[in-house]
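For reference, the structure discussed in these notes is given below.
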Amino acid sequence: MIRLALTLSVLFFLAACGSELKSKKVTKDNTEMLYGKTTAEQLYFDFPVWKEAFDVYRPKKEVMAELKSVVRPMKIKIFFGTWCKDSRKNVPRFFKIIDAYKDKFEIELIAVDRGLDAENENAEAWDIQRVPTFIFIEKGQEIGRIIENPVKSLEEDVVDILRAG
3 MIRLALTLSV
13 LFFLAACGSE
23 LKSKKVTKDN
33 TEMLYGKTTA
43 EQLYFDFPVW
53 KEAFDVYRPK
63 KEVMAELKSV
73 VRPMKIKIFF
83 GTWCKDSRKN
93 VPRFFKIIDA
103 YKDKFEIELI
113 AVDRGLDAEN
123 ENAEAWDIQR
133 VPTFIFIEKG
143 QEIGRIIENP
153 VKSLEEDVVD
163 ILRAG
């Protein structure tokens with residue numbers, strides 16, 4: 003009985019160790035980057051400076067109060083490049099903005115290379131010209147985009163898209 007318990011304990015320990023994140027970086031064009039579908043957790047694991055950017059960003063409180071009134075369930079596809087300065091700035095900020103409402107959004111995070119190609123994801127079909135591109139999709143229909151940099155501020159542009167859609 004003790005031997006069985008010990009064996010099970012070791013198996014559970016090994017299974018838990020196997021579930022830890024491992025680097026998913028690839029090297030393309032002499033640059034380390036993520037490529038293909040990924041998660042914020044994986045992004046922060048492979049590029050910790052992105053997590054630091056998330057932690058220090060403070061969205062405008064008055065706009066965040068407005069966001070609360072327009073949030074509703076939808077999908078958001080984010081095409082970005084870990085090699086891209088605008089992605090490094092805006093993707094962590096975007097995650098900070100939606101953090102309080104992440105249960106309302108289905109986020110699809112797609113890392114592209116410098117040619118805007120993504121593994122198993124047709125970026126061209128989504129007319130991706132620049133990154134980051136945030137695509138808001140409600141009931142299967144695109145209702146708005148933020149491309150590269152916001153027009154006003156990231157949080158104001160999110161509110162404007164949700165309000166208009």
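Sequential numbering of the sequence shown, starting at 3, is according to our numbering. Using N, Cα and C, we set each Cβ at its ideal position, and we do this for glycine too.
Three-way DSSP call (helix, strand, coil) for residue i in this model
i	result
alanine 113	strand
valine 153	coil
alanine 125	coil
arginine 90	helix
valine 72	helix
arginine 132	coil
The alpha helix (DSSP H) enclosing residue i, as first and last residue numbers
i	result
valine 160	156-166
Enclosing beta strand (DSSP E) for residue i [first to last residue]
i	result
isoleucine 149	143-149
lysine 104	Per DSSP, lysine 104 belongs to no beta strand (DSSP E) and is neither H nor E.
threonine 135	135-140
Pair within 8 Å by beta-carbon distance, residue i and residue j
i	j	result
tryptophan 128	valine 93	no
leucine 45	isoleucine 80	no
glutamate 121	glycine 38	yes
valine 72	valine 153	no
DSSP beta-bridge partners of residue i
i	result
lysine 79	Glu110, Ile137
alanine 120	Glu123
Any beta strand (DSSP E) of 3 or more consecutive residues that is wholly inside the stretch 25-63:
Fully contained in the stretch 25-63 are the following beta strand (DSSP E) runs of length 3 or more, in chain order: 28-30, 33-35, 38-40.
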